[in-house]
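First the structure, in the form of C-alpha coordinates, and then the observations on it.
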Amino acid sequence: MKMHKFLVLGLALLLIICFLIGCGQETEQHKKEQKQEKKAKKIKVGLVYDIDSYGDISLNDSAYTGLKRAEKELGVEITDLEPSGGGEDIDQILRILAEDGYDMIFGVGCIFADHIQKAAEDFPYVKFGLVDGIIEDIDSNSNISCLLFKEYEGSFLAGAAAALKSENKKVGFIGGMKSPLIEKIEYGYLAGAKYINPKIEVYSDYIGTTEGAFKDPVKAKELALKQIEAGADVLYHASGASGVGMIETATENRILSIGMGSDQSISAIDEQKRYILTSVLKHVDISVYDTIRAFTEGRFEGGYRVFGLADDGVGYAVNEFNEYLIADIQPPLDELRHKIINGEIKVPSNKAEYDEFLKTLK
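Letter 299 of the sequence shown, counting from 1, is numbered 298 in numbering that gives the first Met the number 0, and no numbers are missing.
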(Lines of atoms letter the chains of each structure in order from A; the text may use other names.)
(Lines give C-alpha, C1' and ligand atoms only; values in the text may rest on other atoms or scores of the structure.)
Protein backbone atom coordinates (compact mmCIF):
# COMPACT_ATOMS: atom_id res chain seq x y z
CA MET A 0 0.00 0.00 0.00
CA LYS A 1 2.79 2.37 0.96
CA MET A 2 4.66 1.34 -2.14
CA HIS A 3 1.59 2.23 -4.23
CA LYS A 4 1.37 5.69 -2.65
CA PHE A 5 5.06 6.34 -3.30
CA LEU A 6 4.60 5.27 -6.90
CA VAL A 7 1.64 7.62 -7.43
CA LEU A 8 3.51 10.53 -5.82
CA GLY A 9 6.58 9.83 -7.92
CA LEU A 10 4.58 9.80 -11.13
CA ALA A 11 2.84 13.04 -10.17
CA LEU A 12 6.15 14.71 -9.39
CA LEU A 13 7.60 13.51 -12.68
CA LEU A 14 4.63 14.95 -14.57
CA ILE A 15 5.04 18.31 -12.83
CA ILE A 16 8.76 18.43 -13.65
CA CYS A 17 8.11 17.56 -17.28
CA PHE A 18 5.40 20.21 -17.47
CA LEU A 19 7.68 22.87 -16.01
CA ILE A 20 10.54 21.95 -18.33
CA GLY A 21 8.19 22.03 -21.29
CA CYS A 22 6.82 25.44 -20.31
CA GLY A 23 10.31 26.74 -19.82
CA GLN A 24 11.37 25.51 -23.21
CA GLU A 25 8.24 26.99 -24.77
CA THR A 26 8.89 30.34 -23.07
CA GLU A 27 12.50 30.40 -24.24
CA GLN A 28 11.41 29.41 -27.73
CA HIS A 29 8.76 32.14 -27.70
CA LYS A 30 11.33 34.73 -26.65
CA LYS A 31 13.68 33.55 -29.37
CA GLU A 32 10.93 33.80 -31.98
CA GLN A 33 10.02 37.30 -30.78
CA LYS A 34 13.64 38.40 -31.00
CA GLN A 35 13.97 36.96 -34.50
CA GLU A 36 10.72 38.60 -35.54
CA LYS A 37 11.91 41.96 -34.19
CA LYS A 38 15.23 41.52 -35.95
CA ALA A 39 13.50 40.61 -39.20
CA LYS A 40 11.25 43.69 -39.00
CA LYS A 41 13.04 46.61 -40.58
CA ILE A 42 13.06 49.91 -38.77
CA LYS A 43 11.04 52.41 -40.80
CA VAL A 44 12.18 56.03 -41.03
CA GLY A 45 10.26 58.82 -42.72
CA LEU A 46 11.46 62.26 -43.80
CA VAL A 47 9.14 65.17 -44.56
CA TYR A 48 10.62 68.15 -46.39
CA ASP A 49 9.80 71.74 -45.66
CA ILE A 50 8.06 73.83 -48.32
CA ASP A 51 11.30 74.31 -50.28
CA SER A 52 11.21 70.54 -50.86
CA TYR A 53 13.89 68.29 -52.31
CA GLY A 54 16.17 70.08 -54.75
CA ASP A 55 16.59 73.20 -52.62
CA ILE A 56 20.40 72.81 -52.76
CA SER A 57 20.31 73.21 -48.99
CA LEU A 58 18.82 71.59 -45.87
CA ASN A 59 16.32 69.30 -47.57
CA ASP A 60 18.89 67.83 -49.92
CA SER A 61 21.35 67.35 -47.06
CA ALA A 62 18.71 65.65 -44.88
CA TYR A 63 17.94 63.26 -47.73
CA THR A 64 21.64 62.42 -48.06
CA GLY A 65 21.69 61.40 -44.39
CA LEU A 66 18.52 59.36 -44.84
CA LYS A 67 19.95 57.49 -47.84
CA ARG A 68 23.17 56.79 -45.94
CA ALA A 69 21.13 55.26 -43.12
CA GLU A 70 19.30 53.08 -45.63
CA LYS A 71 22.58 51.85 -47.09
CA GLU A 72 24.63 51.42 -43.92
CA LEU A 73 22.00 50.64 -41.28
CA GLY A 74 19.48 48.75 -43.39
CA VAL A 75 16.49 50.87 -42.42
CA GLU A 76 13.45 51.22 -44.64
CA ILE A 77 12.94 54.83 -45.72
CA THR A 78 10.46 57.13 -47.38
CA ASP A 79 10.50 60.86 -48.10
CA LEU A 80 7.49 63.09 -48.62
CA GLU A 81 6.84 66.74 -49.31
CA PRO A 82 3.93 68.89 -48.13
CA SER A 83 1.75 70.68 -50.62
CA GLY A 84 1.63 74.43 -51.16
CA GLY A 85 2.36 76.29 -47.97
CA GLY A 86 2.47 73.16 -45.85
CA GLU A 87 -1.23 72.95 -44.99
CA ASP A 88 -1.15 69.14 -44.98
CA ILE A 89 1.89 68.66 -42.70
CA ASP A 90 -0.23 67.37 -39.81
CA GLN A 91 -1.89 64.86 -42.10
CA ILE A 92 1.43 63.62 -43.52
CA LEU A 93 2.95 63.10 -40.06
CA ARG A 94 -0.17 61.24 -38.93
CA ILE A 95 -0.18 58.99 -42.00
CA LEU A 96 3.46 58.01 -41.42
CA ALA A 97 2.89 57.34 -37.72
CA GLU A 98 -0.22 55.25 -38.38
CA ASP A 99 1.64 53.35 -41.11
CA GLY A 100 4.14 52.03 -38.57
CA TYR A 101 7.07 54.38 -39.03
CA ASP A 102 9.36 54.19 -36.01
CA MET A 103 11.08 57.53 -36.55
CA ILE A 104 9.92 60.61 -38.44
CA PHE A 105 11.95 63.71 -39.33
CA GLY A 106 10.63 67.13 -40.26
CA VAL A 107 13.00 69.60 -41.93
CA GLY A 108 12.81 73.20 -40.77
CA CYS A 109 11.33 75.30 -38.00
CA ILE A 110 7.95 75.24 -39.76
CA PHE A 111 7.52 71.73 -38.28
CA ALA A 112 7.83 72.73 -34.61
CA ASP A 113 4.13 72.92 -33.72
CA HIS A 114 3.20 70.03 -36.00
CA ILE A 115 5.79 67.64 -34.55
CA GLN A 116 4.89 68.62 -30.99
CA LYS A 117 1.26 67.68 -31.67
CA ALA A 118 2.16 64.44 -33.47
CA ALA A 119 4.53 63.43 -30.67
CA GLU A 120 1.70 63.78 -28.16
CA ASP A 121 -0.68 61.73 -30.30
CA PHE A 122 1.93 59.03 -31.03
CA PRO A 123 4.14 58.70 -27.92
CA TYR A 124 5.69 55.44 -29.18
CA VAL A 125 7.09 57.13 -32.32
CA LYS A 126 10.39 59.04 -32.22
CA PHE A 127 10.52 62.42 -33.95
CA GLY A 128 13.46 64.48 -35.20
CA LEU A 129 13.03 68.21 -35.76
CA VAL A 130 15.79 69.46 -38.05
CA ASP A 131 16.80 73.07 -37.52
CA GLY A 132 13.94 73.96 -35.22
CA ILE A 133 13.22 74.29 -31.51
CA ILE A 134 10.42 72.96 -29.33
CA GLU A 135 10.56 74.45 -25.86
CA ASP A 136 10.65 72.52 -22.59
CA ILE A 137 11.58 69.02 -23.73
CA ASP A 138 14.18 66.81 -22.08
CA SER A 139 16.05 63.57 -22.69
CA ASN A 140 12.92 61.54 -21.90
CA SER A 141 10.95 63.19 -24.68
CA ASN A 142 10.21 61.35 -27.93
CA ILE A 143 11.38 64.48 -29.79
CA SER A 144 14.99 65.30 -30.60
CA CYS A 145 15.69 68.82 -31.91
CA LEU A 146 18.74 68.84 -34.20
CA LEU A 147 20.33 72.27 -33.99
CA PHE A 148 23.42 73.86 -35.50
CA LYS A 149 25.87 76.62 -34.68
CA GLU A 150 25.45 78.16 -38.12
CA TYR A 151 26.88 81.38 -36.83
CA GLU A 152 30.26 79.67 -36.34
CA GLY A 153 30.39 78.64 -39.99
CA SER A 154 29.12 82.08 -40.99
CA PHE A 155 31.97 83.70 -39.08
CA LEU A 156 34.35 81.87 -41.41
CA ALA A 157 32.25 82.99 -44.39
CA GLY A 158 32.51 86.61 -43.27
CA ALA A 159 36.24 86.26 -42.81
CA ALA A 160 36.58 84.69 -46.27
CA ALA A 161 34.54 87.49 -47.83
CA ALA A 162 36.64 90.18 -46.14
CA LEU A 163 39.89 88.49 -47.15
CA LYS A 164 38.78 88.33 -50.80
CA SER A 165 37.05 91.70 -51.10
CA GLU A 166 38.97 94.29 -53.09
CA ASN A 167 36.40 97.04 -52.52
CA LYS A 168 36.19 96.36 -48.77
CA LYS A 169 32.44 96.04 -49.22
CA VAL A 170 30.55 92.75 -48.88
CA GLY A 171 26.90 91.73 -48.73
CA PHE A 172 24.48 89.40 -46.93
CA ILE A 173 21.03 88.33 -48.12
CA GLY A 174 18.73 86.58 -45.67
CA GLY A 175 15.51 84.74 -46.46
CA MET A 176 12.82 85.15 -43.80
CA LYS A 177 13.77 87.61 -41.07
CA SER A 178 13.86 85.44 -37.96
CA PRO A 179 16.13 84.74 -34.97
CA LEU A 180 17.70 81.80 -36.82
CA ILE A 181 18.69 83.79 -39.91
CA GLU A 182 19.78 86.72 -37.76
CA LYS A 183 22.23 84.38 -35.98
CA ILE A 184 23.76 83.62 -39.35
CA GLU A 185 23.88 87.31 -40.23
CA TYR A 186 25.65 88.30 -37.00
CA GLY A 187 28.18 85.51 -37.38
CA TYR A 188 28.95 86.75 -40.90
CA LEU A 189 29.21 90.37 -39.77
CA ALA A 190 31.56 89.38 -36.94
CA GLY A 191 33.84 87.37 -39.23
CA ALA A 192 34.13 90.21 -41.73
CA LYS A 193 34.78 92.78 -39.00
CA TYR A 194 37.35 90.52 -37.32
CA ILE A 195 39.44 90.64 -40.50
CA ASN A 196 38.80 94.32 -41.20
CA PRO A 197 36.93 96.43 -38.61
CA LYS A 198 36.40 99.13 -41.25
CA ILE A 199 34.81 96.88 -43.86
CA GLU A 200 31.29 97.79 -44.98
CA VAL A 201 28.68 95.03 -44.85
CA TYR A 202 25.28 95.40 -46.55
CA SER A 203 22.44 93.28 -45.14
CA ASP A 204 19.03 92.73 -46.69
CA TYR A 205 16.13 90.34 -46.08
CA ILE A 206 13.79 88.98 -48.72
CA GLY A 207 10.70 88.90 -46.49
CA THR A 208 9.04 87.94 -43.22
CA THR A 209 7.27 84.71 -44.23
CA GLU A 210 8.36 81.21 -45.26
CA GLY A 211 7.85 82.28 -48.87
CA ALA A 212 11.05 84.32 -48.57
CA PHE A 213 12.98 81.07 -48.97
CA LYS A 214 11.46 80.50 -52.43
CA ASP A 215 11.85 83.88 -54.10
CA PRO A 216 14.96 83.92 -56.33
CA VAL A 217 13.63 86.95 -58.22
CA LYS A 218 13.70 89.08 -55.05
CA ALA A 219 17.13 87.68 -54.18
CA LYS A 220 18.41 88.80 -57.61
CA GLU A 221 17.00 92.26 -57.03
CA LEU A 222 18.67 92.62 -53.62
CA ALA A 223 21.95 91.21 -54.91
CA LEU A 224 22.03 93.72 -57.75
CA LYS A 225 21.36 96.56 -55.31
CA GLN A 226 24.30 95.50 -53.15
CA ILE A 227 26.59 95.06 -56.16
CA GLU A 228 25.70 98.52 -57.42
CA ALA A 229 26.63 99.84 -53.96
CA GLY A 230 30.09 98.32 -54.39
CA ALA A 231 29.85 94.88 -52.75
CA ASP A 232 32.15 92.40 -54.48
CA VAL A 233 31.46 89.28 -52.36
CA LEU A 234 27.90 88.17 -51.49
CA TYR A 235 26.66 85.56 -48.99
CA HIS A 236 23.14 84.26 -48.60
CA ALA A 237 21.08 82.32 -46.08
CA SER A 238 17.87 82.17 -48.07
CA GLY A 239 17.25 78.58 -49.13
CA ALA A 240 16.18 78.20 -52.75
CA SER A 241 16.08 81.99 -53.16
CA GLY A 242 19.87 81.97 -53.08
CA VAL A 243 19.94 80.70 -56.66
CA GLY A 244 18.96 84.22 -57.70
CA MET A 245 21.84 85.76 -55.77
CA ILE A 246 24.36 83.34 -57.26
CA GLU A 247 23.06 84.05 -60.78
CA THR A 248 23.39 87.80 -60.31
CA ALA A 249 26.85 87.50 -58.79
CA THR A 250 27.99 85.39 -61.75
CA GLU A 251 26.49 87.81 -64.27
CA ASN A 252 28.46 90.62 -62.62
CA ARG A 253 31.62 88.52 -62.23
CA ILE A 254 31.83 88.79 -58.46
CA LEU A 255 32.23 86.09 -55.83
CA SER A 256 29.37 84.46 -53.95
CA ILE A 257 29.16 82.23 -50.88
CA GLY A 258 26.44 79.62 -50.49
CA MET A 259 24.75 78.25 -47.40
CA GLY A 260 23.55 74.85 -46.23
CA SER A 261 25.20 72.54 -48.73
CA ASP A 262 28.03 72.79 -51.25
CA GLN A 263 26.32 74.87 -53.90
CA SER A 264 29.15 74.75 -56.41
CA ILE A 265 28.30 71.09 -56.99
CA SER A 266 24.78 71.85 -58.20
CA ALA A 267 25.61 75.15 -59.92
CA ILE A 268 25.95 75.38 -63.69
CA ASP A 269 29.50 75.43 -65.07
CA GLU A 270 29.62 79.19 -65.59
CA GLN A 271 28.67 79.81 -61.93
CA LYS A 272 31.12 77.36 -60.37
CA ARG A 273 34.17 79.58 -60.84
CA TYR A 274 32.50 82.45 -58.98
CA ILE A 275 31.38 80.49 -55.91
CA LEU A 276 34.10 81.14 -53.35
CA THR A 277 32.80 78.51 -50.93
CA SER A 278 29.65 77.41 -49.10
CA VAL A 279 28.94 77.24 -45.40
CA LEU A 280 28.12 73.61 -44.79
CA LYS A 281 25.41 72.73 -42.34
CA HIS A 282 25.85 68.98 -42.02
CA VAL A 283 22.20 68.06 -41.67
CA ASP A 284 23.12 64.74 -43.26
CA ILE A 285 25.40 63.89 -40.33
CA SER A 286 22.79 64.90 -37.75
CA VAL A 287 20.04 62.85 -39.40
CA TYR A 288 22.26 59.79 -39.86
CA ASP A 289 23.63 59.95 -36.29
CA THR A 290 20.13 60.25 -34.84
CA ILE A 291 18.90 57.23 -36.82
CA ARG A 292 21.96 55.22 -35.81
CA ALA A 293 21.44 56.11 -32.15
CA PHE A 294 17.85 54.87 -32.43
CA THR A 295 18.85 51.58 -34.08
CA GLU A 296 21.38 51.03 -31.28
CA GLY A 297 18.86 51.83 -28.55
CA ARG A 298 20.55 55.12 -27.67
CA PHE A 299 17.92 57.63 -28.78
CA GLU A 300 17.59 60.63 -26.48
CA GLY A 301 15.07 63.41 -26.66
CA GLY A 302 15.87 67.06 -26.07
CA TYR A 303 18.44 69.06 -27.97
CA ARG A 304 21.49 68.02 -29.99
CA VAL A 305 23.68 70.91 -31.14
CA PHE A 306 26.25 70.49 -33.92
CA GLY A 307 29.05 73.05 -34.40
CA LEU A 308 32.59 73.38 -35.75
CA ALA A 309 33.97 71.18 -32.97
CA ASP A 310 32.01 68.11 -34.13
CA ASP A 311 31.92 68.91 -37.86
CA GLY A 312 28.28 69.95 -37.64
CA VAL A 313 29.18 73.04 -39.66
CA GLY A 314 32.14 73.97 -41.84
CA TYR A 315 33.07 75.40 -45.23
CA ALA A 316 33.42 73.74 -48.60
CA VAL A 317 36.68 73.05 -50.41
CA ASN A 318 36.45 71.10 -53.66
CA GLU A 319 37.79 70.81 -57.19
CA PHE A 320 35.73 73.80 -58.28
CA ASN A 321 36.94 76.34 -55.72
CA GLU A 322 40.43 75.12 -54.80
CA TYR A 323 42.15 77.81 -56.82
CA LEU A 324 39.86 80.50 -55.37
CA ILE A 325 40.22 79.62 -51.72
CA ALA A 326 43.77 78.24 -51.50
CA ASP A 327 45.36 81.54 -50.47
CA ILE A 328 42.93 82.16 -47.60
CA GLN A 329 42.63 78.62 -46.25
CA PRO A 330 45.46 78.96 -43.71
CA PRO A 331 43.89 81.99 -41.94
CA LEU A 332 40.43 80.39 -42.12
CA ASP A 333 41.67 77.18 -40.54
CA GLU A 334 43.44 79.19 -37.85
CA LEU A 335 40.17 80.98 -37.06
CA ARG A 336 38.36 77.64 -37.00
CA HIS A 337 40.75 76.33 -34.34
CA LYS A 338 40.41 79.52 -32.32
CA ILE A 339 36.63 79.16 -32.29
CA ILE A 340 36.83 75.49 -31.29
CA ASN A 341 39.33 76.30 -28.53
CA GLY A 342 37.19 79.13 -27.21
CA GLU A 343 39.66 81.91 -28.09
CA ILE A 344 36.99 83.49 -30.28
CA LYS A 345 33.39 83.59 -29.07
CA VAL A 346 31.19 84.07 -32.12
CA PRO A 347 28.16 86.33 -31.49
CA SER A 348 24.70 85.05 -32.37
CA ASN A 349 22.56 88.13 -31.65
CA LYS A 350 22.83 91.92 -31.70
CA ALA A 351 23.78 92.32 -28.04
CA GLU A 352 26.61 89.80 -28.38
CA TYR A 353 27.68 91.37 -31.67
CA ASP A 354 27.89 94.84 -30.12
CA GLU A 355 30.07 93.43 -27.34
CA PHE A 356 32.20 91.60 -29.89
CA LEU A 357 32.89 94.84 -31.78
CA LYS A 358 34.30 96.37 -28.60
CA THR A 359 37.01 93.69 -28.51
CA LEU A 360 38.32 94.55 -31.98
CA LYS A 361 41.30 96.84 -32.33
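Ideal Cβ positions, reconstructed from N, Cα and C, are used throughout, including at glycine.
Exercise. For the stretch 157 to 166 against the stretch 207 to 222, are there 3 or more C-beta pairs whose distance is under 8 Å?
Worked result: By the Cβ test, the stretch 157 to 166 is not in contact with the stretch 207 to 222, since fewer than three Cβ pairs between them sit closer than 8 Å.
Exercise. With 16 as the cutoff for other CB atoms within 10 Å, does glutamine 263 come out buried or exposed?
Worked result: Here residue 263 is taken as the residue at index 264 of the sequence shown, counted from 1. With 16 or more other Cβ atoms within 10 Å, it is buried.
For this session: Please classify tyrosine 288: does DSSP put it in a helix, a strand, or coil?
Result: Position 289 of the sequence shown holds residue 288. It is helical.
For this session: Out of Asp289, Leu73, Tyr194, His114, point me to the one whose CA is closest to lysine 361's CA.
Result: Counted from its first residue, the sequence shown places residue 361 at position 362. Comparing alpha carbon positions, the residue from Asp289, Leu73, Tyr194, His114 closest to lysine 361 is Tyr194.
Exercise. Can you name the start and end residues of the alpha helix (DSSP H) that alanine 351 belongs to?
Worked result: Taking the sequence shown and counting its residues from 1, the one referred to as residue 351 is at position 352. Where alanine 351 is concerned, the enclosing alpha helix (DSSP H) starts and stops at 350 to 358.
Exercise. Between valine 243 and the rest of its own chain, which residues show a CB-CB distance below 6 Å, the 5 nearest in sequence each way excluded?
Worked result: Sequence index remark: in the sequence shown, residue 243 carries index 244 (1-based). Apart from the 5 residues on each side of it in sequence, valine 243 sits with its Cβ closer than 6 Å to the Cβ of Pro216 in its chain, given in chain order.
For this session: For my contact list, alanine 231 and proline 347 are in at a C-beta cut-off of 8 Å; report their separation, rounded to the angstrom.
Result: For the purposes of this step, residue 231 is taken as residue 232 along the sequence shown, with counting starting at 1. For the purposes of this step, residue 347 is taken as residue 348 along the sequence shown, with counting starting at 1. The Cβ separation is near 21 Å, so there is no contact.
Exercise. Going by other Cβ atoms of all chains shown within 10 Å of its Cβ, with 16 needed for buried, is tyrosine 124 buried or exposed?
Worked result: Here the question's residue 124 lines up with position 125 in the sequence shown. Exposed: under 16 other Cβ atoms inside 10 Å.
Exercise. Thinking C-beta only, is glutamate 152 closer than 7 Å to valine 313?
Worked result: In the sequence shown, the residue the question calls residue 313 occupies position 314. In the sequence shown, the residue the question calls residue 152 occupies position 153. In contact: valine 313 and glutamate 152 (Cβ atoms closer than 7 Å).
For this session: Between the Cα of leucine 45 and those of Leu324, Met176, Ala97, spot the shortest distance and give me the residue it belongs to.
Result: One-based indexing of the sequence shown puts residue 45 at position 46. The amino acid occupying residue 45 in the given sequence is glycine; leucine does not appear at that position. The shortest Cα separation from glycine 45 among Leu324, Met176, Ala97 belongs to Ala97.
Exercise. DSSP three-state call for glycine 342: helix, strand or coil?
Worked result: Residue numbering aside, residue 342 sits at position 343 when the sequence shown is read from its first letter. In this structure, glycine 342 counts as coil in the three-state DSSP scheme.
Problem set entry | Entirely enclosed beta strand (DSSP E) segments - the stretch 77 to 103, minimum 3 residues | If we require 3 residues or more, the stretch 77 to 103 turns out to have no beta strand (DSSP E) run fully inside it.
For this session: Kindly indicate the opening and closing residues of the beta strand (DSSP E) around glycine 211.
Result: As a position in the sequence shown, residue 211 is number 212, starting the count at 1. For glycine 211, no beta strand (DSSP E) encloses it, and the DSSP letter there is neither H nor E.
Exercise. Can you tell me whether asparagine 349 is buried or exposed, with buried defined as 16 or more other CB within 10 angstroms of its CB?
Worked result: The residue labelled residue 349 in the question sits at position 350 within the sequence shown. Exposed: under 16 other Cβ atoms inside 10 Å.
Exercise. How big is the Cα-Cα spacing for glutamate 343 and glutamate 87?
Worked result: Here residue 343 refers to the residue found at position 344 of the sequence shown. Here residue 87 refers to the residue found at position 88 of the sequence shown. Roughly 45 Å separates the two Cα atoms.
Exercise. Alanine 112 and leucine 129 look like a contact to me (Cβ under 8 Å); what is the Cβ gap, rounded to whole Å?
Worked result: As a first step, residue 112 must be located in the sequence shown, where it is residue number 113. As a first step, residue 129 must be located in the sequence shown, where it is residue number 130. With 8 Å as the limit, alanine 112 and leucine 129 qualify as a contact, their Cβ atoms being about 6 Å apart.
Problem set entry | Cutoff 6 Å; reference valine 233; Cβ partners in own chain excluding five residues on either side | What you label residue 233 is simply residue 234 of the sequence shown in a count that begins at 1. The residues are Ala161, Lys164, Ser165, Val170, Leu255.
For this session: Go to histidine 114, then tell me how far its alpha helix (DSSP H) extends in each direction, as first and last residue.
Result: Here residue 114 is taken as the residue at index 115 of the sequence shown, counted from 1. Per DSSP, histidine 114 belongs to the alpha helix (DSSP H) from 112 to 121.
For this session: Would you give the residue range spanned by the alpha helix (DSSP H) that tyrosine 323 belongs to?
Result: The count along the sequence shown starts at 1 and reaches residue 323 at position 324. Unbroken alpha helix (DSSP H) run through tyrosine 323: 322 to 325.
Exercise. CA-CA distance, leucine 335 and isoleucine 328?
Worked result: Numbered from its first residue, the sequence shown carries residue 335 at position 336. Numbered from its first residue, the sequence shown carries residue 328 at position 329. So the alpha carbons of these two residues sit roughly 11 Å apart.
Exercise. Where do the ends of the alpha helix (DSSP H) carrying serine 57 lie?
Worked result: Residue mapping note: residue 57 aligns to position 58 of the sequence shown, counting from 1. Taken as a continuous stretch (DSSP letters only), serine 57 belongs to no alpha helix (DSSP H), as it is neither H nor E.
Exercise. What is the residue span of the alpha helix (DSSP H) that phenylalanine 299 lies within?
Worked result: For this step, residue 299 is matched to residue 300 along the sequence shown. That residue, phenylalanine 299, is in no alpha helix (DSSP H); it is neither H nor E in DSSP.
Problem set entry | C-alpha distance - glutamate 300 paired with isoleucine 199, whole-angstrom precision | For this step, residue 300 is matched to residue 301 along the sequence shown. For this step, residue 199 is matched to residue 200 along the sequence shown. In this model, glutamate 300 and isoleucine 199 are separated by some 44 Å (Cα to Cα).
Exercise. Any C-beta of chain C sitting closer than 7 Å to the C-beta of tyrosine 315?
Worked result: Of the protein chains in the structure, only one exists, and it is not chain C.
Exercise. Candidates Asn59, Asp90, Arg298: which alpha carbon is nearest alanine 119's?
Worked result: Mapped onto the sequence shown, residue 119 falls at position 120. The candidate whose alpha carbon is nearest that of alanine 119 is Asp90.
Exercise. In the DSSP assignment, what residue or residues form a beta bridge with lysine 126?
Worked result: Taking the sequence shown and counting its residues from 1, the one referred to as residue 126 is at position 127. Beta-bridge pairing by DSSP links lysine 126 to Met103.
For this session: Quick one: measure Cβ to Cβ for aspartate 55 and alanine 240, integer angstroms, because I've assumed they're closer than 8 Å.
Result: Here the question's residue 55 lines up with position 56 in the sequence shown. Here the question's residue 240 lines up with position 241 in the sequence shown. In this structure aspartate 55 is in contact with alanine 240, their Cβ atoms being roughly 5 Å apart against a cut-off of 8 Å.
For this session: Enumerate, from N- to C-terminal direction, the unbroken beta strand (DSSP E) stretches of 3 or more residues contained entirely within the stretch 144 to 231.
Result: The qualifying runs are 169 to 176, 200 to 207.
For this session: Grab me the residues of alanine 309's own chain with a C-beta within less than 7 Å of its C-beta, minus the 5 sequence neighbours each way, in chain order.
Result: As a first step, residue 309 is located in the sequence shown; it is residue number 310 there, counting from the start. Taken in chain order, the residues that qualify are Ile340.
Exercise. What did DSSP end up calling valine 313 once you bin it into helix, strand or coil?
Worked result: As a working note, residue 313 is residue 314 in the sequence shown. Three-state DSSP puts valine 313 in a strand.
For this session: Would you list the one or two residues that DSSP bridges to glycine 258?
Result: Locating residue 258 in the sequence shown gives position 259, where the first residue counts as 1. In the DSSP secondary-structure assignment, glycine 258 is bridged to Ser278.
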